[in-house]
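In our numbering, the protein residues as written are 268 to 438.
Glycine included, each C-beta is placed from N, C-alpha and C at the ideal position.
This one's a predicted model, so the numbers in the text were calculated from it and none came from an experiment.
Please read the structure below before turning to the comments.
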């Protein structure tokens, strides 16, 4: 077969397949399976529900990662591997008119829970942590806190220290 005939045959196959290619779609999450880290999506504007689709994450590995569970109603983008409608994946979540973005200043990183608890790495170098519930730290090794400035411990009720030995040194 000469090269021109081969090229024409390939173009013909591409045209046949072009009608079956799936492009990126917008949708909203309708169901979430945390054990499989998968979601079902209502594709817009038809409101057609998909089967289970793997949810992408920023950093993952075997038993570790940064995983943020979605909420029902989250706006998402569904892509299809090589345009194949049988291989969807969620590649992004978006803010929308109902779920507005927080006004995070440039250069800052915020993790904010819907309860109001947050961890903020702010532009002046501070790390702000607020918990609307309990704040727990379980450490299996040594715990050290060092501050060049004053350190304050304030409670509205009481402060308890339990240990086999307590040592307090001051000038």
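inquiry  = In the DSSP output, what is residue 383 paired with across the bridge?
reply    = Paired residues: none, contrary to the question.
request  = Would you mind reading off the limits of the beta strand (DSSP E) that contains residue 415?
outcome  = Element bounds for residue 415: n/a, residue is neither H nor E.
task = Identify whether residue 310 lies in helix, strand or coil by the three-state DSSP scheme.
result = For residue 310, the three-state secondary structure derived from DSSP is strand.
key: residue 324 beta carbon less than 9 Å from that of residue 332   = yes
inquiry  = Three or more C-beta pairs under 8 Å: does that hold for the segment 370-380 against the segment 306-322?
reply    = no
message = Distance check for residue 296 and residue 304, CA to CA, integer angstroms please.
response = 12 Å
ask   = In chain order, what residues of the same chain lie with their CB nearer than 8 Å to the CB of residue 336, ignoring the 5 residues before and after it?
value = 299 and 301
ask   = Start and end of the beta strand (DSSP E) containing residue 293?
value = 292-300
key: Three-state secondary structure (DSSP) of residue 402   = coil
request  = Could you name the residues that DSSP lists as bridge partners for residue 395?
outcome  = For residue 395, which the question treats as bridged, DSSP gives the partners 387.
task = Sort out for me which residues DSSP pairs residue 407 with in a bridge.
result = Beta-bridge pairing links residue 407 to no other residue.
task = Leaving out five residues on either side along the sequence, give the residues of the same chain with a beta carbon under 6 Å from the beta carbon of residue 417.
result = none
request  = Following the continuous beta strand (DSSP E) through residue 340, name the residue where it begins and the one where it ends.
outcome  = That residue, residue 340, is in no beta strand (DSSP E); it is neither H nor E in DSSP.
Cutoff 9 Å: residue 400 Cβ touching any chain E Cβ = The structure shown contains no chain E; it is built from a single protein chain.
ask   = Can you tell me whether DSSP reads residue 355 as helix, strand or coil?
value = In this structure, residue 355 counts as strand in the three-state DSSP scheme.
task = Taking residue 331 as part of the beta strand (DSSP E), name the residues at either end of that continuous run.
result = 331-333
request  = Within 10 angstroms of the Cβ of residue 435, are there 16 or more other Cβ atoms? Answer buried if so, exposed if not.
outcome  = exposed
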